[in-house]
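**Q** Next up is a structure, given as structure tokens.
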Amino acid sequence: MSCWNQTYECMSREEMRKVQSERLIKTVKRVYENVPTYRKKMQEKGILPGDIKSVDDLKNLPFTYKQDLRDTYPYGLFAVPMSEIVRVHASSGTTGKKTVVGYTKNDLDVWSEVIARTFTAAGAGKDSFLQVSYGYGLFTGGLGAHYGGEKLGATVIPTSSGNTKLQLSIMQDFGTTHIACTPSYALYLAEEMEELGIKRSDLKLQAGIFGAEPWSESMRQEIQDRLKIKAFDIYGLSEVIGPGVAFECDYQNGMHIPEDHFIPEIIDPDTGEVLPEGSKGEIVFTTITKEGLPLIRYRTRDLSSLNYDKCECGRTAVRMSKVTGRTDDMLIIRGVNVFPSQVESVLLSIGETAPHYMLVVDRKDNLDTLEIQVEITPSLFSDEVKKLEDVEKKISKEINSTLGISAKIKLVEPKTIQRSEGKAKRVIDKRVIY
Amino acid sequence: MLVKQISVFLENKSGRLADVTRTLADNNINICAMSIADTTDFGILRLIVNKPEDAERFLSEQQFTVSCTSVIAIGVEDKPGGLAKALDILHDNGISIEYMYAFVGKTGNEAFVILRVENPETAIETLLKSGIEILPSDKIYCA
Ligand SMILES: [Zn+2]
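These protein sequence lines are chains A and B, in that order.
First residue of the first sequence? That's 0 in numbering that gives the first Met the number 0, and the numbers climb one at a time after it.
First residue of the second sequence? That's 0 in numbering that gives the first Met the number 0, and the numbers climb one at a time after it.
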């Protein structure tokens with residue numbers, strides 16, 4: 000099994016620590032000098048850049064939270080002047096939730112590098128035809144995969160998302176060998192193929208690289224069976240770099256992290272303590288090569304674990320397990336990050352008071368569905384059906400324009416949504432994923 | 000000349016309608032007429048009762064979402080064309096009906112029709128001019 004970058008992907012643990020230590024020292028110095036937020040955080044902990052002498056000292060550094068990005072919106076955490084930033088992306092989100100990330104030329108190179116490693120691990124190469132069916136735009140999926148595919152030397156087919164019939168005809172005519180999209184879209188493609196009577200023998204498809212939403216082993220099995228390809232998992236988040244923060248190899252047994260760029264830790268989400276090897280906890284990343292937006296100990300809120308054993312594929316790079324949940328209430332619905340609080344602000348903008356609401360997420364025909372139950376309030380109520388339906392339509396429209404996903408709105412009677420002591424339960428997730 | 004109607008929001012689940020009628024019964028409120036408009040998920044129950052203010056208060060106390068609106072009650076002759084005449088008049092005067100429902104009066108030889116229109120004052124004026132019988136609350140409200 001080949002690697003894109005044998006040197007770094009198969010380096011001994013000792014050598015990797017050396018590389019990481021050198022790069023970490025530089026990064027810490029860089030953020031201390033250029034980013035007021037980091038300087039302040041470090042001063043508060045009484046740490047100077049000189050105190051960081053190796054990766055062993057990483058645990059002493061302060062955490063970075065999504066809130067830090069919001070507080071400094073849009074560019075406050077950037078460590079270079081804007082003249083050096085050549086691209087920005089933003090996480091899906093609405094006012095108060097949006098986070099902007101920026102890349103220097105070199106950052107884009109790093110990003111392409113880790114994606115080239117990802118695609119190589121999935122068996123793609125120069126002769127491959129890579130169809131990128133992630134959305135292109137502010138979302139990091141499309142362009143991230145695109146540039147990585149070009150770096151790899153594959154023939155990139157930038158179809159972006161949507162227009163499934165066209166995607167399928169391109170797949171047949173252009174000889175797509177690899178596809179990058181969300182796992183649920185892969186299954187949708189399979190269904191459409193069956194519906195349109197496209198024969199598997201008409202396609203050259205070998206493998207798919209799927210991410211941006213949680214998916215299960217049984218979903219992998221289904222994709223592999225129906226599309227007759229090998230399905231690889233990929234992990235990423237825009238704050239760290241985008242897709243390519245971790246990826247699966249042929250053995251499909253945990254996702255390798257390019258540790259020469261991102262150092263992972265597993266911490267106890269409540270105490271912040273670093274947990275021993277193999278423990279399950281919140282995965283935290285420190286970027287050690289990024290220039291535009293370096294992040295120190297970024298709290299992902301994703302629950303995972305790390306496995307440092309050498310992989311059968313020959314890579315020594317640590318593997319992270321599939322994300323098994325979140326430490327906060329964020330939901331990923333059809334690849335879009337949704338916080339219940341976003342729904343709340345939409346409802347507040349429509350009614351005079353914030354109604355009680357519940358998000359019911361399910362998966363039907365392999366597509367995530369979102370139903371938002373909203374308790375009727377006297378100010379929303381009308382004795383005319385048409386007006387109540389207008390209320391539903393209005394909420395639905397607002398949700399769509401702020402969150403970017405469609406939701407079914409269901410008006411319910413007051414006091415019917417479960418109340419809880421303390422933190423309100425806002426989500427019922429019926430999806431069977433793990 | 001307007002009649003008070005109580006509207007209640009109801010989710011489409013069994014037992015809710017019974018909850019409303021029980022609440023009214025427990026408080027000695029009599030239902031004179033009712034109608035339900037429903038969609039897949041919810042329904043709106045519209046009620047004409049003998050004590051609308053009390054009904055609104057008791058239902059609200061039971062956590063129902065209730066509103067009170069003014070509707071027009073007309074009496075139509077219990078024979079073919081009785082209703083058509085009234086509706087034609089409204090139509091001819093550009094008054095559109097949001098919803099309506101009918102019930103039989105106490106004596107049984109007259110039909111009562113409840114009309115909800117956007118502008119009830121104008122509608123009443125128009126109907127009166129054309130000789131349609133507008134029924135006051137005391138004639139509609141049952142004992
Ligand atoms: Zn491996």
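Yeah, the Cβ is synthetic: ideal placement off N, Cα and C, and Gly gets one too.
1. Within the same chain, show all residues whose beta-carbon is closer than 7 angstroms to that of Leu82 of chain B, passing over the 5 residues directly before and after it, in chain order.
2. At 4 residues or longer, what runs of the alpha helix (DSSP H) sit wholly inside the stretch 110-140 of chain B?
3. How would you call Asn11 of chain B, buried or exposed, if buried means at least 16 neighbouring beta carbons within 10 angstroms?
4. Alpha helix (DSSP H) containing Thr415 of chain A: first to last residue?
5. Given that a residue counts as buried once 16 or more other Cβ atoms are within 10 Å of its Cβ, and exposed if not, what is Ser183 of chain A?
6. Note the first and the last residue of the continuous alpha helix (DSSP H) segment covering Phe57 of chain B.
7. With a cut-off of 8 angstroms, does the C-beta of Thr173 of chain A fall near any C-beta of chain B?
8. Note down, in chain order, each residue of its chain lying with its Cβ closer than 6 angstroms to the Cβ of Ser303 of chain A, except the 5 sequence neighbours on either side.
9. At the level of alpha carbons, what is the spacing between Lys28 of chain A and Ile349 of chain A?
10. Going along the chain, which residues of its own chain have a beta-carbon closer than 6 angstroms to the beta-carbon of Phe63 of chain B, five neighbours each way excluded?
11. Under 8 angstroms: do the stretch 10-24 of chain B and the stretch 35-43 of chain B share three or more Cβ pairs, one atom per stretch?
12. How long is the line joining the alpha carbons of Asn33 of chain A and Leu292 of chain A, rounded to whole angstroms?
13. Residues of chain A with a CB under 8 angstroms from the CB of Thr64 of chain B: which are they?
14. Does Val390 of chain A have its Cβ less than 8 angstroms from a Cβ in chain B?
15. Going by the CB atoms, is the gap between Ala120 of chain A and Thr284 of chain A shorter than 8 angstroms?
16. Quick one: which residues of the stretch 36-47 of chain B get their C-beta closer than 7 angstroms to a C-beta of chain A? List them in chain order.
17. If you run the structure through DSSP and keep just helix, strand and coil, what is Arg430 of chain A?
18. Please classify Tyr146 of chain A as buried or exposed, where buried requires at least 16 other C-beta atoms within 10 Å of its C-beta.
19. Under 7 angstroms Cβ-Cβ, which residues of chain B neighbour Lys409 of chain A?
20. Just to check my reading of the structure: Glu264 of chain A and Val317 of chain A have Cβ atoms closer than 8 angstroms, yes? What is that Cβ distance to the nearest angstrom?
21. Around the C-beta of Pro35 of chain A, are 16 or more other C-beta atoms found within 10 angstroms, so that it is buried, or is it exposed?
22. Nearest to Pro80 of chain A by CA position, among A:Ala89, A:Gly101, A:Lys97, is which residue?
23. What's the call for Asp50 of chain A, buried or exposed, on a 16-neighbour Cβ count within 10 Å?
24. Return the chain-ordered list of same chain residues with a C-beta closer than 7 angstroms to the C-beta of Lys424 of chain A, the five sequence neighbours on each side being excluded.
25. Helix, strand or coil for Tyr64 of chain A? Go by DSSP, reduced to three states.
26. Indicate whether at least one CB of chain B lies closer than 8 angstroms to the CB of Val113 of chain A.
27. If we count the other Cβ atoms within 10 Å of its Cβ and call it buried at 16 or more, is Ala72 of chain B buried or exposed?
28. Measuring only between beta-carbons, confirm whether Thr20 of chain B sits less than 8 angstroms from chain A.
29. Could you tell me whether any Cβ in chain A is nearer than 8 angstroms to the Cβ of Glu120 of chain B?
30. Could you tell me which of A:Ile222, A:Gly161, A:Leu151, A:Glu216 sits nearest to Lys125 of chain A, measuring between CA atoms?
31. So is Leu347 of chain A buried or exposed if we call it buried at 16+ other beta carbons inside 10 Å?
32. Please report whether the beta-carbon of Phe8 of chain B lies at a distance below 8 angstroms from any beta-carbon of chain A.
33. With 16 other CB atoms within 10 Å as the buried threshold, where does Cys180 of chain A fall?
34. Any chance you could list the alpha helix (DSSP H) runs of at least 4 consecutive residues sitting entirely within the stretch 196-281 of chain A, in chain order?
35. Taking C-beta to C-beta, are Tyr297 of chain A and Val360 of chain A nearer than 8 angstroms?
36. Rounded to whole angstroms, what's the CA-CA distance from Glu143 of chain B to Thr22 of chain B? Just pull it up for me.
**A** Result, derived from the coordinates:
1. For the purposes of this step, residue 82 of chain B is taken as residue 83 along the second sequence, with counting starting at 1. Contacts found: Val75, Val112.
2. Residue ranges of uninterrupted alpha helix (DSSP H) with 4 or more members, entirely inside the stretch 110-140 of chain B and ordered along the chain, are 119-128, 136-139.
3. One-based indexing of the second sequence puts residue 11 of chain B at position 12. When all chains shown are included, Asn11 of chain B counts as exposed.
4. The sequence position of residue 415 of chain A within the first sequence is 416, counting from 1. Under the DSSP assignment, Thr415 of chain A falls outside any alpha helix (DSSP H); it carries neither an H nor an E label.
5. In the first sequence, residue 183 of chain A corresponds to position 184, counting from 1. Buried.
6. Mapped onto the second sequence, residue 57 of chain B falls at position 58. Run containing Phe57 of chain B: 51-60, per the alpha helix (DSSP H) assignment.
7. Start at 1 with the first residue of the first sequence, and residue 173 of chain A comes out as number 174. Checking the sequence shown, residue 173 of chain A turns out to be Phe, not Thr. Answer no: the Cβ-Cβ gap between Phe173 of chain A and chain B never drops below 8 angstroms.
8. Position 304 of the first sequence, counted from the first residue, corresponds to residue 303 of chain A. The answer, listed in chain order, is Ile282, Met319, Ser320, Val322.
9. Looking up residue 28 of chain A in the first sequence gives position 29. Looking up residue 349 of chain A in the first sequence gives position 350. C-alpha separation (whole angstroms): 47 angstroms.
10. Walking along the second sequence from the start, residue 63 of chain B turns up at place 64. If you ignore the 5 residues before and after Phe63 of chain B, its C-beta comes within less than 6 angstroms of the C-beta of Val7, all in its own chain and listed in chain order.
11. Yes, the stretch 10-24 of chain B is in contact with the stretch 35-43 of chain B.
12. Taking the first residue of the first sequence as position 1, residue 33 of chain A is located at position 34. Taking the first residue of the first sequence as position 1, residue 292 of chain A is located at position 293. Approximately 11 angstroms between the Cα atoms of the pair.
13. On the second sequence, residue 64 of chain B is found 65 positions in, with the first residue counted as 1. The contacting residues are Ile375, Thr376, Pro377, Phe380, Glu412, Pro413.
14. Residue 390 of chain A sits at position 391 when you count from the first residue of the first sequence. By this cut-off, Val390 of chain A is not an interface position.
15. To locate residue 284 of chain A, count along the first sequence from 1; it is residue 285. To locate residue 120 of chain A, count along the first sequence from 1; it is residue 121. Per the sequence shown, the amino acid found at residue 284 of chain A is Phe instead of Thr. No, Cβ-Cβ distance for Phe284 of chain A and Ala120 of chain A is not below 8 angstroms.
16. Ala36, Thr38, Asp40, Phe41, Ile43, Arg45
17. On the first sequence, residue 430 of chain A is found 431 positions in, with the first residue counted as 1. The DSSP-derived three-state label of Arg430 of chain A is coil.
18. Here residue 146 of chain A refers to the residue found at position 147 when the first sequence is read from its first residue. Flag for Tyr146 of chain A reads buried.
19. Position 410 of the first sequence, counted from the first residue, corresponds to residue 409 of chain A. Here the neighbours are Asp40.
20. Taking the first sequence and counting its residues from 1, the one referred to as residue 264 of chain A is at position 265. Taking the first sequence and counting its residues from 1, the one referred to as residue 317 of chain A is at position 318. That belief does not hold up - the Cβ atoms of Glu264 of chain A and Val317 of chain A are roughly 11 angstroms apart, past 8 angstroms.
21. Within the first sequence, residue 35 of chain A is the residue found at index 36, counting from 1. Exposed, since its Cβ has fewer than 16 Cβ neighbours within 10 Å.
22. Within the first sequence, the letter at position 81 stands for residue 80 of chain A. Of the listed residues, the one whose Cα sits closest to Pro80 of chain A is A:Gly101.
23. Position 51 of the first sequence holds residue 50 of chain A. Result: exposed.
24. Residue mapping note: residue 424 of chain A aligns to position 425 of the first sequence, counting from 1. Excluding sequence neighbours, Lys424 of chain A sits near Gln417.
25. Counting from one through the first sequence, the residue named residue 64 of chain A turns up at place 65. Coil at Tyr64 of chain A, not helix or strand.
26. Against the first sequence, residue 113 of chain A aligns to sequence position 114. No, no contact with chain B.
27. Your numbering for residue 72 of chain B matches position 73 in the second sequence. Buried: at least 16 other Cβ atoms inside 10 Å.
28. As a position in the second sequence, residue 20 of chain B is number 21, starting the count at 1. It does not; no Cβ of chain A falls within 8 angstroms.
29. Reading the second sequence from its first residue, position 121 is the one you call residue 120 of chain B. So no, Glu120 of chain B is outside the interface.
30. The count along the first sequence starts at 1 and reaches residue 125 of chain A at position 126. Residue A:Leu151 is the option with its Cα nearest to Lys125 of chain A.
31. Locating residue 347 of chain A in the first sequence gives position 348, where the first residue counts as 1. Flag for Leu347 of chain A reads exposed.
32. If you number the second sequence from 1, residue 8 of chain B lands on position 9. Closer than 8 angstroms to some Cβ of chain A, the Cβ of Phe8 of chain B qualifies, so yes.
33. The residue labelled residue 180 of chain A in the question sits at position 181 within the first sequence. Buried, by the Cβ-count rule.
34. 216-226
35. Locating residue 297 of chain A in the first sequence gives position 298, where the first residue counts as 1. Locating residue 360 of chain A in the first sequence gives position 361, where the first residue counts as 1. Contact: no.
36. The requested residue 143 of chain B is not part of the displayed model; chain B covers only 0 to 142.
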